[in-house]
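Worksheet: one structure, shown below.
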Amino acid sequence: MPTFLYLFTISLRFVSRPVHANIRHVNDIVPLRFEFVRGVSYTKEIRERANTLEKDVYTSVTLEHALKKIIANRSDITMASTHTLLSELKALGYPNTLTIGKWIVKEKAYYITGSKRSKTLTDPTVFFKNMQDSLVKARDSGLLDKLSTKYGLNLDDLSH
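Read in order, the letters of the sequence shown correspond to residues 1250 to 1409 in the working numbering.
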């Protein structure tokens, strides 16, 4: 048994005003003012293509600030995980001036991992087997779906 356990996958998507919502390839962002958010890592392709026609680099401290700049037409587009975008849009009152694009820029898997030399886990193999069994049971019983609904993680089928 491996000493890691797959948990979930998140998707990264663009968010923009509706006029720019039909992004189908990373090259489509070239003419747009891309708003970077500090602390967020972007793919190499996005870093190479974002703001290539602009002299300025558009940067916000938070995603909320980036979204407000897009609403105010001071930027055109940014990117974040679908769950984070849904949460931020909810906090902003779901403004109809912003649209989450359907194209998935990237998917990122999350795992729980453990060291075979862990002093905390006496037997990592047993720990991960128990975790896997519990996760399967939670999925099969519908508990994960209930939690996803409770925390708004499966809105409009955008989440995984």
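A virtual CB, placed ideally from N, CA and C, is assigned to each residue, including glycine. Keep in mind that this is a model prediction, so the values were computed, not measured.
Could you tell me which of the options sits nearest to residue i, measuring between CA atoms?
i        : options                                : result
Pro-1344 : Trp-1352, Leu-1335, Lys-1351           : Leu-1335
Glu-1337 : Thr-1311, Val-1375, Ala-1321, Arg-1323 : Thr-1311
Ile-1361 : Thr-1346, Leu-1347, Lys-1368, Lys-1378 : Lys-1378
Asp-1305 : Met-1328, Phe-1283, Arg-1366           : Phe-1283
Lys-1293 : Glu-1303, Val-1275, Leu-1302           : Val-1275
Thr-1398 : Lys-1365, Leu-1341, Met-1380, His-1332 : His-1332
Leu-1316 : Glu-1303, Val-1286, Ile-1295           : Val-1286
Leu-1341 : His-1314, Thr-1301, Ser-1324           : His-1314
Count the other CB atoms, across all protein chains shown, that sit within 10 Å of the CB of residue i; report buried if there are 16 or more and exposed otherwise.
i        : result
Phe-1253 : exposed
Thr-1371 : exposed
Gly-1288 : exposed
Ala-1299 : buried
Val-1354 : buried
Asp-1406 : Caution applies to Asp-1406, whose pLDDT of 43 falls short of 50 and renders its modelled position unreliable; the model cannot decide the point.
Pro-1373 : buried
Ser-1410 : This structure cannot speak to residue 1410, because the chain is shown only from 1250 to 1409.
Ser-1196 : For the chain, the structure presents residues 1250 to 1409; residue 1196 sits outside this window and is missing.
Ser-1324 : buried
Is the beta carbon of residue i less than 8 Å from the beta carbon of residue j?
i        : j        : result
Ser-1265 : Gly-1350 : yes
Thr-1346 : Ile-1320 : yes
Lys-1395 : Thr-1258 : no
His-1269 : Leu-1261 : no
Thinking residue i and residue j are a contact (beta carbons under 8 Å), I'd like their distance in whole angstroms, please.
i        : j        : result
Lys-1318 : Ser-1309 : 6 Å
Leu-1256 : Tyr-1400 : No, Leu-1256 and Tyr-1400 are not in contact; Cβ-Cβ is about 15 Å, not under 8 Å.
Arg-1296 : Trp-1352 : Actually they are not in contact, since the Cβ atoms of Arg-1296 and Trp-1352 sit about 18 Å apart, beyond 8 Å.
Phe-1263 : Met-1328 : 5 Å
- request: Would you list, in sequence order, the uninterrupted alpha helix (DSSP H) runs of no fewer than 4 residues that lie entirely inside the region 1301-1367?
  value: As far as the region 1301-1367 is concerned, its whole alpha helix (DSSP H) runs of at least 4 residues are 1312-1320, 1331-1340.
- request: Counting only runs of 3+ residues fully inside the region 1267-1292, write out the beta strand (DSSP E) ranges in chain order.
  value: Listed in chain order, they are 1284-1286.
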